[in-house]
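Novice: In the UniProt record's numbering, the protein residues as written are 1 to 274. Idealized CB from N, CA, C, for every residue including glycine. Values in this document were obtained by computation on a predicted structure and should not be read as measured data. Here it is: the structure, laid out below.
Take a look at the structure:
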């Protein structure tokens, strides 16, 4: 039986990364359906938001260039919401696997908590569907983040999205698919690849989560009736063996993560009623 795969993202249905991931999955002979937000939904984590008209969630057919026969939909909802309704048959037979991405920018460190790309994968896994989040590190390959006026300004903007190496991240993800399907359903594989040709990739390595993301939000100014935020570099040394360290060294990183689990090491003994 052909593996049924949903491809989604948080950058929106028109983003180049989702087309590359869907094409790679289709080229491997998988049964692919694409459904992603009509608009960018970055930073939405696993939120359940949707746009309704006359009591119906907005769903529009959105064929992807170069992928004839692959059904694709733009949805007025968050990535987590899309993953949830897909598992319940909104886009045909429920998928066995959700591939979320390819995100424009690394989803690394504990900042994955806030990612809509990872949030869609977490939602799928929580509902009995194996899932992988895939991201392309647009700050890799020697590109840097300059801090100007307290805000992070990426030189990655100088590279056209059409010229990025989406195929590298897609190939790494599809090569990891057998490990995903053989693993526990509640675990998500979080995959990050540097923006380099596959031939320049140093390899794929298991990584720990860094204690921070590539950039962090800070409050730049707070006044009467307003708050202004900005992004800046963490200012901490990258820990060896973490996803951010491996990306900087030219490796693709893969980390097995789980969304919500009980903390068994917290002492809650002796409560009333026990």
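How close, in whole Å, do the beta carbons of residue 343 and residue 210 come, if the pair is a contact with beta carbons under 8 Å?
Specialist: The displayed coordinates of the chain run from 1 to 274. Any statement about residue 343 would go beyond what the structure contains.
Novice: Would you say residue 195 and residue 254 are within 8 Å of each other, going by their C-beta atoms?
Specialist: Numbered from 1 along the chain shown, position 195 holds the residue referred to as residue 195. Numbered from 1 along the chain shown, position 254 holds the residue referred to as residue 254. It is not a contact, given that the beta carbons lie outside the stated cut-off.
Novice: Compare the C-alpha of residue 79 against each of 197, 101, 94 and 219 and name the closest.
Specialist: The residue labelled residue 79 in the question sits at position 79 within the chain shown. The candidate whose alpha carbon is nearest that of residue 79 is 101.
Novice: Of the choices 128, 256, 129 and 61, whose alpha-carbon is the least far from that of residue 37?
Specialist: If you number the chain shown from 1, residue 37 lands on position 37. Residue 37 has its Cα closest to that of 61, out of 128, 256, 129 and 61.
Novice: I think residue 172 touches residue 219, with their Cβ atoms under 8 Å apart; what is that distance to the nearest whole Å?
Specialist: Position 172 of the chain shown, counted from the start, is the residue given in the question as residue 172. Position 219 of the chain shown, counted from the start, is the residue given in the question as residue 219. Not a contact, Cβ separation roughly 36 Å.
Novice: For residue 254, which three-state DSSP category applies?
Specialist: Mapped onto the chain shown, residue 254 falls at position 254. DSSP places residue 254 in strand when its eight states are reduced to three.
Novice: Residues in its own chain within less than 6 Å of residue 228 by CB, not counting five upstream and five downstream?
Specialist: Translated into the one-based positions of the chain shown, residue 228 becomes position 228. Contacts found: 220 and 221.
Novice: What is the residue span of the alpha helix (DSSP H) that residue 102 lies within?
Specialist: On the chain shown, position 102 is the one that residue 102 refers to. Boundaries around residue 102 are those of the beta strand (DSSP E), 97 to 104, since no alpha helix (DSSP H) includes it.
Novice: Could you tell me whether the Cβ of residue 51 comes closer than 8 Å to any Cβ of chain B?
Specialist: The displayed structure is made up of one protein chain only, and chain B is not part of it.
Novice: Does DSSP put residue 221 in a helix, in a strand, or in coil?
Specialist: Locating residue 221 in the chain shown gives position 221, where the first residue counts as 1. It is a strand residue.
Novice: Between residue 25 and residue 5, which are expected to be in contact by the criterion C-beta below 8 Å, what is the C-beta distance as a whole number of angstroms?
Specialist: Walking along the chain shown from the start, residue 25 turns up at place 25. Walking along the chain shown from the start, residue 5 turns up at place 5. Right, their Cβ atoms sit about 5 Å apart.
Novice: Does DSSP put residue 189 in a helix, a strand or coil?
Specialist: As a position in the chain shown, residue 189 is number 189, starting the count at 1. Residue 189: strand per DSSP, three-state reduction.
Novice: I'd like to know whether the C-beta atoms of residue 243 and residue 108 end up nearer to each other than 8 Å.
Specialist: On the chain shown, position 243 is the one that residue 243 refers to. On the chain shown, position 108 is the one that residue 108 refers to. For residue 243 and residue 108, yes; Cβs fall inside 8 Å.
Novice: Find the nearest neighbour of residue 246 within the set 207, 212 and 268, judged by alpha-carbon distance.
Specialist: Working through the chain shown from its first residue, we reach residue 246 at position 246. The residue with the shortest Cα to Cα distance from residue 246 is 207.
Novice: With 16 other CB atoms within 10 Å as the buried threshold, where does residue 95 fall?
Specialist: As a position in the chain shown, residue 95 is number 95, starting the count at 1. With 16 or more other Cβ atoms within 10 Å, it is buried.
Novice: For residue 61, list the residues DSSP reports as bridge partners.
Specialist: The residue given as residue 61 occupies position 61 in the chain shown. Its beta-bridge partners are 73.
Novice: From what residue to what residue does the beta strand (DSSP E) around residue 136 run?
Specialist: Within the chain shown, numbered from 1, the residue matching residue 136 stands at position 136. Its beta strand (DSSP E) spans residues 130 to 137.
Novice: Please report the straight-line C-alpha distance between residue 155 and residue 125, rounded to a whole angstrom.
Specialist: Looking up residue 155 in the chain shown gives position 155. Looking up residue 125 in the chain shown gives position 125. In this prediction, residue 155 has a pLDDT of 49, which is less than 50 and means its spatial position is unreliable; what the coordinates show is noted afterwards. One C-alpha to the other measures close to 35 Å.
Novice: Rounded C-beta distance between residue 57 and residue 77? I'm assuming under 8 Å.
Specialist: The residue you call residue 57 lines up with position 57 of the chain shown. The residue you call residue 77 lines up with position 77 of the chain shown. Contact flag correct, Cβ pair sits at about 6 Å.
Novice: Hey, how far is the Cα of residue 165 from the Cα of residue 197?
Specialist: Within the chain shown, residue 165 is the residue found at index 165, counting from 1. Within the chain shown, residue 197 is the residue found at index 197, counting from 1. Answer to the nearest angstrom: the Cα atoms are 6 Å apart.
Novice: Nearest-angstrom Cα distance between residue 59 and residue 133?
Specialist: Along the chain shown, read from residue 1 onward, the residue named residue 59 stands at position 59. Along the chain shown, read from residue 1 onward, the residue named residue 133 stands at position 133. If I take the Cα positions, the gap works out to 23 Å.
Novice: For residue 286, which of helix, strand or coil comes out of DSSP?
Specialist: The structure shown has nothing for residue 286, since the chain only spans 1 to 274.
Novice: Mark residue 49 as exposed unless 16 or more other C-beta atoms lie within 10 angstroms of its C-beta, in which case mark it buried.
Specialist: Mapped onto the chain shown, residue 49 falls at position 49. It counts as exposed.
Novice: Specify the secondary structure class of residue 205 as computed by DSSP and reduced to three states.
Specialist: Numbered from its first residue, the chain shown carries residue 205 at position 205. Correct three-state label for residue 205: strand.
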